[in-house]
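Q: I am attaching a structure below and will ask some questions about it afterwards.
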Ligand SMILES: [Zn+2]
């Protein structure tokens, strides 16, 4: 079945309605199942960008696009001052929802709009069931959408984070039990229909016990990847998590997403890196035959 057929079968229900709304047919076609536990509430959120020349959520698609429409925020870092950009908008936020993926895996998602939940659902579909179960074990509170990640000199309106500390600013949540995704990250690749940052952060969860690791990479490739600076975050695992992110996109049945996951000449998404990932436990013992065939080399 194509993703387009699946997409037509959307089921959006509140907690109480779940049982009655889901017909046998819905279950069979693996409908998009989003369970909203709270009503949407209007909330001010900040949507960041890496590129202030691109239109933001405040720009109408036909209206003027200008730098001035992004709010600038200067912060001091050890490497000198940098400028961050965001737009503040009013969004209809659902505090608690769950997305059901692959039939029986529920992923909790907090502070998302319906549009965000649709992007997250399409993103989770790219992740093998065994990987999502590890996310639920290691990050039982799921995904929390947020204006920013990090604090002080590390603050960012972009990307995501597997936090090591519980933020005091959000007493409801224990950040060590969840994955943070910025609204900017969801905005950045919305035309792709998925959020690559979510896949990158799931990659970090799979590095905890080595389900993905560098030991299956050729020596030179390992050195290159470990030394690649992918963002303000200098960690040696950043490029490995990007490689995981691109590999999941490569296995997508959507041509655009697949193309995004494949670029000869980019060490994070070329064949050498894919072949090394295929030898990692995440893609050997954690996958059944069907999923393993999805990750096979194409064409
Ligand atoms: Zn990372």
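Numbering (the working numbering), first residue to last: 14 to 312. We treat Cβ as the ideally placed atom computed from N, Cα and C, and that holds for glycine. What you are looking at is a predicted structure, and each value in this text was computed from that prediction instead of being measured.
So is the beta-carbon of residue 128 under 7 Å away from any non-hydrogen atom of ligand 1?
A: As a first step, residue 128 must be located in the chain shown, where it is residue number 115. False, no ligand heavy atom lies under 7 Å from that Cβ.
Q: Could you tell me which whole alpha helix (DSSP H) segments of length 4 or greater appear in the stretch 175-232?
A: DSSP runs (the alpha helix (DSSP H)) wholly in the stretch 175-232: 196-201, 209-220.
Q: Around ligand 1, what residues have a beta-carbon under 6 Å from a heavy atom of it, in chain order?
A: Residues flagged by the Cβ proximity filter: 213, 217, 246, 251, 254.
Q: Skipping 5 residues on each side, what residues in its chain have a beta carbon closer than 6 Å to that of residue 294?
A: On the chain shown, residue 294 is found 281 positions in, with the first residue counted as 1. Contacts found: 224.
Q: Can you find the residues in the same chain that come closer than 8 Å, C-beta to C-beta, to residue 132, ignoring five residues on each side of it along the sequence?
A: Position 119 of the chain shown, counted from the first residue, corresponds to residue 132. Cβ within range, chain order: 199, 203, 206, 207, 208.
Q: Jot down the residue ranges of each uninterrupted alpha helix (DSSP H) in the stretch 117-167, minimum 4 residues, whole runs only, in chain order.
A: Whole alpha helix (DSSP H) segments, 4+ residues: 127-137, 142-151.
Q: Express the C-alpha separation of residue 93 and residue 119 in angstroms, rounding to a whole number.
A: Here residue 119 refers to the residue found at position 106 of the chain shown. Here residue 93 refers to the residue found at position 80 of the chain shown. So the two alpha carbons sit approximately 43 Å from each other.
Q: In the DSSP assignment, find the unbroken alpha helix (DSSP H) run with residue 268 in it and report its ends.
A: Here residue 268 refers to the residue found at position 255 of the chain shown. Unbroken alpha helix (DSSP H) run through residue 268: 268-273.
Q: Please identify the residue among 279, 113, 263, 67 whose C-alpha is closest to the C-alpha of residue 312.
A: By one-based count along the chain shown, residue 312 stands at place 299. Checked all of 279, 113, 263, 67; the closest Cα to residue 312 is 263.
Q: Under a three-way DSSP split, which group does residue 295 fall into?
A: As a first step, residue 295 must be located in the chain shown, where it is residue number 282. The answer is helix: DSSP assigns residue 295 an H, G or I state.
Q: Would you tell me roughly how many angstroms separate the C-alpha atoms of residue 327 and residue 84, rounded to the nearest one?
A: Examination of residue 327 is not possible in this model, given that the chain is present from 14 through 312 alone.
Q: If the criterion is Cβ atoms closer than 8 Å, does the pair residue 310 and residue 287 meet it?
A: Residue mapping note: residue 310 aligns to position 297 of the chain shown, counting from 1. Residue mapping note: residue 287 aligns to position 274 of the chain shown, counting from 1. Cβ atoms of residue 310 and residue 287: closer than 8 Å.
Q: Would you say residue 170 reaches chain B, if we count a Cβ-Cβ gap shorter than 8 Å as a contact?
A: No chain B is present in this structure, which holds just one protein chain.
Q: Would residue 169 be called buried (16 or more neighbouring beta carbons within 10 Å of its own) or exposed?
A: Looking up residue 169 in the chain shown gives position 156. With 16 or more Cβ atoms within 10 Å of its Cβ, residue 169 is classed as buried.
Q: Compute the Euclidean distance between the alpha carbons of residue 299 and residue 239, then round it to the nearest angstrom.
A: In the chain shown, residue 299 corresponds to position 286, counting from 1. In the chain shown, residue 239 corresponds to position 226, counting from 1. So the alpha carbons of these two residues sit roughly 24 Å apart.
Q: Are three or more beta carbon pairs between the stretch 102-119 and the stretch 167-184 nearer than 8 Å?
A: Output reads no: the stretch 167-184 does not touch the stretch 102-119.
Q: Pull up the distance between the alpha-carbon of residue 229 and that of residue 72, whole angstroms please.
A: Working through the chain shown from its first residue, we reach residue 229 at position 216. Working through the chain shown from its first residue, we reach residue 72 at position 59. Approximately 46 Å between the Cα atoms of the pair.
Q: Would residue 174 and residue 193 qualify as a contact pair, given that the criterion is a beta-carbon distance under 8 Å?
A: The residue labelled residue 174 in the question sits at position 161 within the chain shown. The residue labelled residue 193 in the question sits at position 180 within the chain shown. Yes, Cβ-Cβ distance for residue 174 and residue 193 is below 8 Å.
Q: Assuming residue 59 and residue 128 are in contact, meaning their beta carbons sit under 8 Å apart, how far apart are those beta carbons, in whole angstroms?
A: Locating residue 59 in the chain shown gives position 46, counting from the first residue. Locating residue 128 in the chain shown gives position 115, counting from the first residue. The pair is not a contact, with the Cβ atoms about 16 Å apart (cut-off 8 Å).
Q: Could you compute how far the alpha carbon of residue 159 sits from the alpha carbon of residue 66?
A: For this step, residue 159 is matched to residue 146 along the chain shown. For this step, residue 66 is matched to residue 53 along the chain shown. Distance between the alpha carbons of residue 159 and residue 66 is about 23 Å.
Q: In its own chain, which residues sit with a C-beta less than 7 Å from the C-beta of residue 301, not counting the 5 before and 5 after it?
A: Counting from one through the chain shown, the residue named residue 301 turns up at place 288. Nothing listed; no residue qualifies.
Q: Measure the CB-CB distance between residue 252 and residue 243 and report whether it falls below 8 Å.
A: Here the question's residue 252 lines up with position 239 in the chain shown. Here the question's residue 243 lines up with position 230 in the chain shown. Cβ atoms of residue 252 and residue 243: closer than 8 Å.
Q: By Cβ distance, which residues of its chain are closer than 6 Å to residue 135, with the 5 residues on each side in sequence left out?
A: Counted from its first residue, the chain shown places residue 135 at position 122. Hits under 6 Å: 206, 207.
Q: Taking 8 Å as the cut-off, decide whether the C-beta atoms of residue 250 and residue 297 are in contact.
A: The count along the chain shown starts at 1 and reaches residue 250 at position 237. The count along the chain shown starts at 1 and reaches residue 297 at position 284. No; because the gap between Cβ atoms is not below 8 Å, this pair is not in contact.
Q: Hey, how far is the Cα of residue 305 from the Cα of residue 290?
A: The residue you call residue 305 lines up with position 292 of the chain shown. The residue you call residue 290 lines up with position 277 of the chain shown. Going from the Cα of residue 305 to the Cα of residue 290 covers about 12 Å.
Q: State the start and end residues of the unbroken beta strand (DSSP E) segment that holds residue 109.
A: By one-based count along the chain shown, residue 109 stands at place 96. First-last of the beta strand (DSSP E) with residue 109: 93-114.
Q: Under 8 Å between the Cβ atoms of residue 195 and residue 61?
A: Taking the first residue of the chain shown as 1, we reach residue 195 at position 182. Taking the first residue of the chain shown as 1, we reach residue 61 at position 48. Their beta carbons are under 8 Å apart, which means residue 195 touches residue 61 by this criterion.
Q: Give the single residue among 197, 156, 191, 177 whose Cα lies nearest to the Cα of residue 171.
A: Locating residue 171 in the chain shown gives position 158, counting from the first residue. Cα-wise, what sits closest to residue 171 is 197.
Q: Roughly how many angstroms lie between the CA atoms of residue 163 and residue 176, to the nearest whole one?
A: On the chain shown, residue 163 is found 150 positions in, with the first residue counted as 1. On the chain shown, residue 176 is found 163 positions in, with the first residue counted as 1. Each residue's Cα considered, the two are about 8 Å apart.
Q: Taking all protein chains shown into account, decide if residue 210 is buried (16 or more other Cβ within 10 angstroms of its Cβ) or exposed.
A: For the purposes of this step, residue 210 is taken as residue 197 along the chain shown, with counting starting at 1. So residue 210 ends up on the buried side.
Q: Can you tell me whether DSSP reads residue 82 as helix, strand or coil?
A: The residue labelled residue 82 in the question sits at position 69 within the chain shown. Helix.
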